[in-house]
Amino acid sequence: MEQEALYPTEKLKCWNEAKQIRMKYYQDYAEARNKGGIRWAGGAWTFDAIPAGLGEDVYPITSEPYGATIAFDKDLSLECMEAAEKEGYPRDLCSYMRNYWGSILIDKYPFGYNDTGEFVARFQGAKPLGFPKPDFIWQDHICCSHAKWYQVVSDLEGGIPMFTVDNAVGPANELTDSKIKFVVEQLKDGIKFLEKVTGREYDDGLLFKAIRNHFVSTSKWAEICALNKAIPAPLDEKSIYSLYVLGTLQKAGKQVADFYEKTLLPEIKERVKKGIAAVPNERFRVMSDTQPPWSFLSIFRYLEKFGCVSIGSLYTFGLIGQWEVKKDGTWGPKTIPDVEFSSRDQALYEYVKYELHKPEWQHFYSCHLKSDMMIRIAREWKLNGVMLHYNRGCEGLTVGIAENRLALLEAGFPVMAFEGNNADEREFDEARTKAKINAFMETIGAK
Amino acid sequence: MITMGIDLGAKNVKVVILKDNKVVAKSNVLAGFEVTKNAQKAIDMALKKAGITKDDLDKVVSTGAGEKLAPFYDETKSMVGCDSLGAVYLHPATRSVIDVGAEEGRGMRCDETGKVLDFEVNEKCAAGAGAFTEAMSRALEVPLEEFGALSLKATEEIPMNAQCTVFAESEVVTMVHNKVSKANMAKAVHDAMASRISSMIRKIGFNKDVLLVGGVAKNVGFVESLNKDLELKVVVPKDPEYVGALGAALAAAGWKGGK
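Protein sequence lines correspond, in order, to chains A and B. Heads up: the first sequence begins at 31 in this note's numbering, then just goes up one per residue. Heads up: the second sequence begins at 839 in this note's numbering, then just goes up one per residue.
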């Protein structure tokens, strides 16, 4: 089954830098109060440039990557899940959410300090650290779980001020001036709310910088993913998960924008130029969909035994990346708006207009919009097949997958569907999934 | 060319030996707890029937849930791949295959060479597999071998809502209290199971040439329920439980359709 290498390969040079950014993010959040700073919590999709206007010592923790981080630590995740279930939260709720709530209930943060004082993950020897309570909650609401998630967090923590933005205004292809303004007005109300609960004066200059960072992070991430159209693919999906996550942590943060633009993008361009492959025996290309079962990323390594690389997914490309159709009709990175910000209103308008095009928001309105984007990826990234995850842990991103499957099949792409859960490992059967992969690899001719 | 296919299923080990693509021997042994040892037993039986030794085998392919527990093999191949090959070999018109074994239900669409085009597998649920009828026949205190024929004597259609073995058993208890006849209950069980399997096969699509394989294909009650649900007559080959092992032996021979 193991096949000989066709292409040169090498590890990503920026790997350690990416890991450091992530670790510093969780450390900054935990230590924020020691330095007089502010901690806030919210979703990975929230308009995170807004709280940035409160100062440079304001640190977020985003919920979905936090839930995934716990999922990766199987023992801690089980403790969290069981604690949430004991409180009466059923197993069919969002599994990220249950990990998050469980972490509050058992008062355990998945990071801490080891014997030498280094900030590390709990499974790397960190001493117990309690869950650092946020000062306020800044959330958006497009997925039904999102607002409820933090309502419970606020209740569990004894009441935390919370502001939720309703951004479910319809798909990008039906965007109107009034819909944009509907969201903008909420953000303006939100800024007043933040000033009130923190007692700080809002700085529009910091807001402008954060929005600019947001544009760079999201456009450059898309550009990086577009480079994966190359054969061989310079990135495999398992690595992509470790890189896209930075955008889910703080897409409006300078450290993330700089990393994508100045470090990762040049390195991936170089890999394409030199023909450096993520999977040296690449012969077949597939993509996946939705969040993976985080504690079983080994299935992506298993594909490599067949000379098969998973080049990413609409999920990894479009959760952070912003895209547009280029002159030649193909998908490429969204052009960063060429505007100088002169007022809060104008900056917020540009920010919202840009962000409401997020691909991962579109399929909350129609599974057909998602099918179109998936078929586009399958064609432009030259795929041999698609692996779909019927993800019991995330209803929002799983609704419509059965329709996507039919559309992909009709477009001529073989599809394998497997059941699982992004953050509740009890609902994933590794042996059976691998058996399905075996059969799928036979179907596409890789075995 | 002499090839061997070994299907290490959840309950039984099946072995088929082919000589120039013609079946010369087959054997079937309970897998039990010592799967490798029992697989060896099945292999020895088949070799003896064929009048050959292990050294005469040109190639061996293993398949099934325990494919890697075979005492020896040259390659492994997925069950859906083996089922499709075996099905097309037995009935060349076959383009849709349903395999219901002890632990799993599978549906496949294939081409004229037996290559799988699309497939679906029943995951993590016994209600679409042989384990379901076993549990229900135990609950009704009817020998498994008689359970299928019993349901053909049913006089009524009683819906069984549960799609889960555990809950289905509690529904059976309710039926017992309601004095429902065993024949009607047996039919309710087979209808529920057929509904689950047909929903799976509908997902991938099927044509009129559907071959039903696997041990459960011997259950006439289930076949009747499935035919009714799919509104056609599925073809059940002789010895349906051997089709996976046959496909494995064909794969070992490099068979790709034709005679």
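Virtual Cβ for every residue (Gly too), placed ideally from N, Cα, C. Note that the structure is predicted; figures quoted are calculated from it, not measured.
Q: Kindly give me the distance between the Cβ atoms of GLY904(B) and VAL1081(B), rounded to whole angstroms, as I take these residues to be in contact under 8 Å.
A: As a first step, residue 904(B) must be located in the second sequence, where it is residue number 66. As a first step, residue 1081(B) must be located in the second sequence, where it is residue number 243. Not a contact, Cβ separation roughly 17 Å.
**Q.** Validate contact between the segment 839 to 846 of chain B and the segment 451 to 468 of chain A using beta carbons, cut 8 Å, 3 pairs
**A.** no
Q: With ASN866(B) as the anchor, note down where its beta strand (DSSP E) starts and where it stops.
A: To locate residue 866(B), count along the second sequence from 1; it is residue 28. 860 to 868 is the extent of the beta strand (DSSP E) around ASN866(B).
Q. Among residues of its own chain, excluding the 5 on either side of VAL935(B), which ones have a beta-carbon nearer than 6 Å to its beta-carbon?
A. Mapped onto the second sequence, residue 935(B) falls at position 97. Excluding sequence neighbours, VAL935(B) sits near ASP921, SER922, ALA925, MET946, LEU1049.
Q) If you run the structure through DSSP and keep just helix, strand and coil, what is PRO90(A)? A) Taking the first residue of the first sequence as 1, we reach residue 90(A) at position 60. PRO90(A) falls in the strand class under three-state DSSP.
Q) In three-state terms, what does DSSP make of PRO363(A)? A) Translated into the one-based positions of the first sequence, residue 363(A) becomes position 333. Strand at PRO363(A).
Q) Buried or exposed: which applies to GLY229(A), given that a residue is buried once 16 or more other Cβ atoms fall within 10 Å of its Cβ? A) Here residue 229(A) refers to the residue found at position 199 when the first sequence is read from its first residue. That one is exposed.
**Q.** Backbone CA spacing between MET192(A) and SER133(A) [nearest angstrom]
**A.** Within the first sequence, residue 192(A) is the residue found at index 162, counting from 1. Within the first sequence, residue 133(A) is the residue found at index 103, counting from 1. For MET192(A) and SER133(A), the distance between alpha carbons rounds to 19 Å.
Q: Could you say which of TYR96(A), LYS49(A), THR293(A), LEU418(A) lies nearest to PRO322(A) if we only look at CA atoms?
A: Position 292 of the first sequence, counting from 1, holds the residue named residue 322(A). PRO322(A) has its Cα closest to that of LEU418(A), out of TYR96(A), LYS49(A), THR293(A), LEU418(A).
Q.
Please classify ALA461(A) as buried or exposed, where buried requires at least 16 neighbouring CB atoms within 10 angstroms.
A. The count along the first sequence starts at 1 and reaches residue 461(A) at position 431. The residue in question, ALA461(A), is exposed, as its Cβ has fewer than 16 Cβ neighbours within 10 Å.
**Q.** Top-ranked residue by Cα proximity to LYS852(B), from LYS1094(B), GLY1085(B), TRP1093(B)
**A.** By one-based count along the second sequence, residue 852(B) stands at place 14. If we check each option's Cα against that of LYS852(B), GLY1085(B) comes out closest.
Q | Beta carbon proximity, ASN468(A) to chain B, threshold 8 Å | A | Your numbering for residue 468(A) matches position 438 in the first sequence. Chain B contact via Cβ: present.
Q: Ignore the nearest five residues each way along the sequence and tell me which others in GLU109(A)'s own chain have a CB closer than 8 Å to its CB.
A: Along the first sequence, read from residue 1 onward, the residue named residue 109(A) stands at position 79. The residues are GLY132, ILE136, LYS138.
(Q) I want to verify the contact list: residues of chain B whose CB lies under 8 Å from the CB of LEU439(A), in sequence order. (A) Within the first sequence, residue 439(A) is the residue found at index 409, counting from 1. Correct list: ASP956.
Q) How about ILE68(A) and LEU84(A): are their beta carbons less than 8 Å apart? A) As a first step, residue 68(A) is located in the first sequence; it is residue number 38 there, counting from the start. As a first step, residue 84(A) is located in the first sequence; it is residue number 54 there, counting from the start. For ILE68(A) and LEU84(A), yes; Cβs fall inside 8 Å.
Q | Interface flag, LYS906(B) vs chain A, CB-CB below 8 Å | A | For the purposes of this step, residue 906(B) is taken as residue 68 along the second sequence, with counting starting at 1. No - not a single Cβ of chain A is within 8 Å of the one on LYS906(B).
**Q.** Proximity to LEU349(A) [Cα-Cα], best of LYS226(A), HIS393(A), VAL355(A)
**A.** By 1-based counting over the first sequence, the position of residue 349(A) is 319. The option with the nearest alpha carbon to LEU349(A) is HIS393(A).
Q. Out of LEU378(A), ALA432(A), GLU410(A), which has the shortest C-alpha to C-alpha gap to ILE210(A)?
A. As a first step, residue 210(A) must be located in the first sequence, where it is residue number 180. Closest by alpha carbon: LEU378(A).
Q) chain A beta carbons: is any one of them nearer than 8 Å to that of GLY924(B)? A) The sequence position of residue 924(B) within the second sequence is 86, counting from 1. It does not; no Cβ of chain A falls within 8 Å.
Q) Which chain B residues sit within Cβ distance under 8 Å of GLU460(A)? A) Sequence index remark: in the first sequence, residue 460(A) carries index 430 (1-based). Within chain B, no residue comes near GLU460(A); the closest Cβ sits about 12 Å away, beyond 8 Å.
Q: Would you kindly check if the distance between the Cβ of MET471(A) and the Cβ of LEU438(A) is under 8 Å?
A: Locating residue 438(A) in the first sequence gives position 408, counting from the first residue. Locating residue 471(A) in the first sequence gives position 441, counting from the first residue. Going by C-beta atoms, LEU438(A) is not nearer than 8 Å to MET471(A).
Q | Alpha-carbon spacing of GLU5(A) relative to ASP956(B), whole angstroms | A | In the structure displayed, chain A extends from 31 to 477; residue 5(A) sits before or after that span and is not available.
Q. Counting along the chain, where does the beta strand (DSSP E) carrying VAL851(B) start and finish?
A. Translated into positions along the second sequence, residue 851(B) becomes position 13. Note, VAL851(B): beta strand (DSSP E), 850 to 857.
Q. Quick one: what's got a C-beta closer than 7 Å to VAL918(B)'s C-beta in the same chain, skipping five residues either side?
A. Counted from its first residue, the second sequence places residue 918(B) at position 80. Result list for VAL918(B): ARG944, MET946, VAL954, PHE957, in chain order.
Q. For chain B, is any of its Cβ atoms less than 8 Å away from the one on GLU472(A)?
A. Stepping through the first sequence from its first residue, residue 472(A) is reached at position 442. Yes, its Cβ sits closer than 8 Å to a Cβ of chain B.
Q) Applying the criterion that 16 or more other CB atoms from any shown protein chain within 10 Å of the CB defines a buried residue, is GLN216(A) buried or exposed? A) Your numbering for residue 216(A) matches position 186 in the first sequence. Buried, by the Cβ-count rule.
Q) DSSP puts ARG947(B) in a beta bridge; with which residues? A) Locating residue 947(B) in the second sequence gives position 109, where the first residue counts as 1. The partner list for ARG947(B) (beta bridge, DSSP) reads SER934(B), ASP956(B).
Q. Mind pulling the alpha helix (DSSP H) runs of 4 or more residues that sit fully within the segment 969 to 1012 of chain B?
A. 982 to 989
Q | Own chain residues within Cβ distance below 7 Å of ASP58(A), not counting five before or after | A | Here residue 58(A) is taken as the residue at index 28 of the first sequence, counted from 1. Excluding residues within five positions, the ones whose Cβ falls inside 7 Å are TYR89.
Q: Note down, in chain order, each residue of its chain lying with its Cβ closer than 7 Å to the Cβ of ILE254(A), except the 5 sequence neighbours on either side.
A: As a working mapping, residue 254(A) is identified with position 224 in the first sequence. Taken in chain order, the residues that qualify are TYR290, LEU294, LEU295, ILE298.
(Q) I want to verify the contact list: residues of chain B whose CB lies under 7 Å from the CB of ALA60(A), in sequence order. (A) Walking along the first sequence from the start, residue 60(A) turns up at place 30. Near ALA60(A) there are no residues of chain B at all, since even the closest Cβ is about 38 Å away, more than 7 Å.
Q.
Please tell me whether ASN258(A) and TRP411(A) are closer than 8 Å, where the distance is taken between their beta carbons.
A. By 1-based counting over the first sequence, the position of residue 258(A) is 228. By 1-based counting over the first sequence, the position of residue 411(A) is 381. The answer is yes: Cβ separation under 8 Å.
Q) Which class does HIS929(B) belong to by DSSP, given the choice of helix, strand or coil? A) Counted from its first residue, the second sequence places residue 929(B) at position 91. Here HIS929(B) sits in coil by DSSP.
Q: Indicate whether at least one CB of chain A lies closer than 8 Å to the CB of VAL959(B).
A: In the second sequence, counting from the first residue as 1, residue 959(B) sits at position 121. Yes, VAL959(B) lies at the interface with chain A (some Cβ there is under 8 Å from its Cβ).
(Q) Measuring only the C-alpha atoms, how far is PHE970(B) from PHE443(A)? (A) Here residue 970(B) refers to the residue found at position 132 when the second sequence is read from its first residue. Here residue 443(A) refers to the residue found at position 413 when the first sequence is read from its first residue. Taking the straight line joining both Cα atoms gives about 34 Å.
Q. Would SER916(B) count as contacting chain A if we go by Cβ distances under 8 Å?
A. Position 78 of the second sequence, counting from 1, holds the residue named residue 916(B). Interface residue, yes.
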